[in-house]
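To keep things clear, I will list the structure first and then write my remarks on it.
Number of protein chains: 2
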Amino acid sequence: MDVFDALFTRRSIRKFTTQFVSKDDENLILKAAMLAPSACNEQPWHFVCVRDAELRERLSHVSPYTHMAAEAPLVIVVCGDLSLEKAKGMWVQDCSAAIENILLAARGKNLGSVWCGIHPEKEREAKTREVLGIPDSVIPLAVISIGHPAQHFSEVSRFDKARIHRDKW
Amino acid sequence: MDVFDALFTRRSIRKFTTQFVSKDDENLILKAAMLAPSACNEQPWHFVCVRDAELRERLSHVSPYTHMAAEAPLVIVVCGDLSLEKAKGMWVQDCSAAIENILLAARGKNLGSVWCGIHPEKEREAKTREVLGIPDSVIPLAVISIGHPAQHFSEVSRFDKARIHRDKW
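Protein chains in written order, with our numbering: chain A, 1 to 169; chain B, 170 to 338.
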């Protein structure tokens, strides 16, 4: 798939078929995630790949927006490891770049995905941490549900000239 | 270009030729940026596109890492507008997804780019704000230098099984 087709037709997919996500696709997605840029190349990320149905059901309740985790065959919880930070305070940006690569790699394999934010909501962090046994030095940033889409990809228009400034604000 | 070629061969490019970046390419890059996902679809981003040589020279001094802004024909300063946030605290993730789309769209047009973090470093924020006249309610997140590369794209290996966890941490 052309990179611009992926960029322009990616959308949040919240309904999935029961079809399995292959390990090859999962590996491609994780490879793409780990090739994201990071401050001082610190790569402060961890990926908890959840396929177990009971754990996914529990993840569906860690935030008001993660309900689809119960149905998605693969859920990747992206976490930031503060002990790996070289440039303090940059881990959210690094891990967000990795997540965007996950979404685009999924699109490239015709898989649907949706990014549900956990950090900085403390209650969501605590619940996610408890379900997956994540240590205190690691912060769960987001829950990414992935599967074969039961919704259509489509290109929306969001180009807004009002957000573009020339040379100065 | 295939989306996986873009994902796997993107790297930080810090040296550029003097060749102009076309307005068509800039528009494609900004379109990709604005198609990033955001919390509650809040789209809290602004993009200051800097081509003026004097302003780029000044941006090259706003952080220890932005020196290439003086040579890059196009610099995009990505900002978060707190007044647009619907999901409080999520703007960094939203804008980081937009930045990753910028880098990948640039790669798709065989342009090089590099992401230099500004926020949360207060001194860098203040200097960037001063150069571009950015209002107080808007936070400059990063300086993205873009141009035709004077370095080669290449695929590095960063896949690290130790960062992957199965079902539980």
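Don't be surprised by glycine CBs; every beta carbon is placed ideally from N, CA and C.
Residue i to residue j span [Cα, whole Å]
{"i": "I201/B", "j": "T17/A", "result": "Sequence inspection shows Ala at residue 201/B; the Ile mentioned does not correspond to that position. Roughly 28 angstroms separates the two Cα atoms."}
{"i": "I146/A", "j": "M90/A", "result": "26 angstroms"}
{"i": "I76/A", "j": "C285/B", "result": "27 angstroms"}
{"i": "G133/A", "j": "D336/B", "result": "10 angstroms"}
{"i": "T235/B", "j": "I164/A", "result": "21 angstroms"}
{"i": "D52/A", "j": "K23/A", "result": "14 angstroms"}
{"i": "A72/A", "j": "L224/B", "result": "48 angstroms"}
{"i": "W169/A", "j": "R107/A", "result": "34 angstroms"}
8 angstroms Cβ cutoff met for residue i and residue j
{"i": "A256/B", "j": "A208/B", "result": "yes"}
{"i": "R180/B", "j": "F322/B", "result": "yes"}
{"i": "D25/A", "j": "V172/B", "result": "no"}
{"i": "A70/A", "j": "E85/A", "result": "no"}
{"i": "L111/A", "j": "V21/A", "result": "yes"}
Chain-ordered chain B contacts of residue i [CB-CB under 7 angstroms]
{"i": "W91/A", "result": "Ordered by position in chain B, no residue passes the 7 angstroms Cβ test against W91/A, which lies about 10 angstroms from the chain."}
{"i": "P120/A", "result": "G258"}
Boundaries of the beta strand (DSSP E) in which residue i is found, first to last residue
{"i": "C49/A", "result": "45-50"}
{"i": "A222/B", "result": "From DSSP, A222/B is part of no beta strand (DSSP E) but of the alpha helix (DSSP H) over 222-228."}
{"i": "V172/B", "result": "Run containing V172/B: none in the beta strand (DSSP E); it sits in the alpha helix (DSSP H), 172-178."}
{"i": "L141/A", "result": "138-147"}
{"i": "D81/A", "result": "74-81"}
{"i": "S157/A", "result": "No beta strand (DSSP E) contains S157/A, which DSSP labels as neither H nor E."}
Extent of the continuous alpha helix (DSSP H) run through residue i
{"i": "C264/B", "result": "260-277"}
{"i": "V131/A", "result": "122-132"}
{"i": "I198/B", "result": "192-203"}
Residue i: contacting residues in chain A (beta-carbon distance under 7 angstroms)
{"i": "I333/B", "result": "L30, F47, C49"}
{"i": "G277/B", "result": "V3, F4"}
{"i": "D305/B", "result": "Neighbours of D305/B on chain A: none; closest Cβ ~11 angstroms, over 7 angstroms."}
{"i": "G286/B", "result": "A39, A87, M90, Q93"}
Same chain, Cβ closer than 8 angstroms to residue i, neighbours up to 5 away in sequence not counted
{"i": "D263/B", "result": "A205, P206, S207, A208, E211, Q212, P213, W214, G249"}
{"i": "I144/A", "result": "V75, I76, V77, V78, I99, I102, L103, S113, V114, W115, C116"}
{"i": "L7/A", "result": "L104"}
{"i": "T9/A", "result": "R107, F153, S154, E155"}
Where residue i meets chain A, residues with beta-carbon distance less than 8 angstroms
{"i": "F302/B", "result": "The sequence shown places Gly at residue 302/B, rather than the Phe named in the question. Near G302/B (Cβ distances below 8 angstroms), the residues of chain A are K168, W169."}
{"i": "F177/B", "result": "K31, A32, L35"}
{"i": "D194/B", "result": "Those do not exist, as D194/B stays about 11 angstroms from chain A at its closest Cβ, beyond 8 angstroms."}
Contact set between residue i and chain B, taken where Cβ atoms lie within less than 9 angstroms
{"i": "Q43/A", "result": "R327, D329, R332"}
{"i": "V100/A", "result": "In the sequence on display, residue 100/A carries Glu and not Val. Chain B residues near E100/A: A205, P206, S265, A266, A267, I268, E269, N270, L273."}
Sequence-distant residues of its chain with Cβ nearer than 6 angstroms to residue i (five each side left out)
{"i": "R183/B", "result": "M237, V283"}
{"i": "T297/B", "result": "V231, I287, P309"}
{"i": "V50/A", "result": "R56, V75"}
{"i": "S229/B", "result": "T235, H236, A238, A239"}
Partners in chain A for residue i, counting only beta-carbon separations shorter than 9 angstroms
{"i": "L224/B", "result": "D167, K168"}
Interface partners of residue i on chain B, CB under 8 angstroms
{"i": "S12/A", "result": "P206"}
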